[in-house]
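Peer 1: Just dropping this structure here.
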Amino acid sequence: MNNHLSELKKNKGVLFIEPSVQNSVIQEYSTNEYYGEFKKLLDTTNESISYEARIEQTSKKIADIKSEKKIIENLRNLIEVLGNMFRSILLSDVSERRVFSVALQDEPSDELMKVINYGVELGYFQLYVIGNKFGTGKARLIILNRILAPHFGLDPSSFAGYKFLNSKDLEIAIEKPYYLISKINSRGVNSIFDDSQQSLFIE
């Protein structure tokens, strides 16, 4: 990529940029936005914990910072789970593979909502309310920011659908981020998102 860019600089005008170069730059930017931002957030909380401990701050103050750090870690895990899940759907043989969002078919816990809301605050998620699949109420729709699409190997120009999930599945998944993906690989996407499936984690 660097050689190609060097050649471009030698020319007075740029007629085109190779698609492979464009893809490489976009993917690098997407990955940096994901890993780089979380590294900064976690580094900041670790420094805060260390500082508060040095000045012998109250245990409650340190506990609050550790709680914030846990939310950050859970948010990173949730994004990892969703991104890999959407990638698995894209590579599957289901009829609708262009998925970049999930709808919660039940009420999420306060802890899960803290993680989701923090993701919205940081711009990783968009949160909407839609009708549930039974037509009896509302469901929260969580949409992953398209800037993360290249990192997970997704095409942001073609998103069309979403999948319903139990909030309990996401609560477990953020504690064990690769467990849900292993279930998809072992059971297949169709069986996991079948309407009769009560939970991804019920054997």
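Here the sequence shown is numbered in the working numbering, starting from 31 and rising by one per residue.
Even glycine gets a Cβ: it sits at the ideal position worked out from N, Cα and C.
Source: prediction; values computed, not measured.
1. In or out: Asn104 buried (at least 16 other Cβ within 10 Å) or exposed?
2. From the DSSP output, in three-state form, read off Gly113 for me.
3. Under 8 Å by Cβ, that's how I've got Ser118 and Leu174 pegged, so tell me the actual separation to the nearest angstrom.
4. Could you check how far apart the C-beta atoms of Thr75 and Lys91 are, in whole angstroms? I think they sit under 8 Å.
5. Counting along the chain, where does the beta strand (DSSP E) carrying Ala133 start and finish?
6. I'd like the span of the alpha helix (DSSP H) that includes Arg217, first residue to last.
7. Could you give the distance in angstroms between the alpha-carbon of Phe125 and the alpha-carbon of Ser78?
8. Quick check: Pro207 and Glu141, are their CB atoms within less than 8 Å of each other?
9. For Lys198, which of Asp73, Glu137, Leu157, Ser216 has the nearest alpha-carbon?
10. Apart from the five residues on each side of it in sequence, which residues of its chain come closer than 8 Å, Cβ to Cβ, to Gly80?
11. What does DSSP give as the partner residues of Lys168 in its beta bridges?
12. For Ile101, I'd like the list of residues in its chain whose CB is within less than 7 Å of its CB, leaving aside the five on either flank, ordered along the chain.
13. Going straight from the alpha carbon of Val51 to that of Ala179, what length do you get?
Peer 2: Looking at the coordinates:
1. Buried: at least 16 other Cβ atoms inside 10 Å.
2. Reduced to three states, the DSSP call for Gly113 is helix.
3. The pair is not a contact, with the Cβ atoms about 14 Å apart (cut-off 8 Å).
4. Contact doesn't hold; Cβ gap of about 12 Å is too wide.
5. Counted as a single uninterrupted DSSP element, the beta strand (DSSP E) harbouring Ala133 occupies residues 129-134.
6. From DSSP, the alpha helix (DSSP H) with Arg217 extends over 209-217.
7. Reading off the sequence shown, one finds Ser at residue 125, where the question assumed Phe. Looking at the backbone, the Cα of Ser125 and that of Ser78 are separated by about 48 Å.
8. No; because the gap between Cβ atoms is not below 8 Å, this pair is not in contact.
9. Nearest C-alpha to Lys198 among Asp73, Glu137, Leu157, Ser216: Glu137.
10. Note on identity: in this sequence residue 80 is Ser, with Gly being the wrong assignment. Excluding residues up to 5 positions away in sequence, nothing lies with its Cβ nearer than 8 Å to the Cβ of Ser80 in the same chain.
11. Gly161, per the DSSP bridge assignment.
12. Within the same chain, Ile101 has close Cβ partners Lys144, Val145, Tyr148.
13. For Val51, the predicted structure reports a pLDDT of 49, less than 50, and the residue's modelled location is therefore unreliable. A value from the coordinates is still provided. Spanning the two alpha carbons is a distance of roughly 17 Å.
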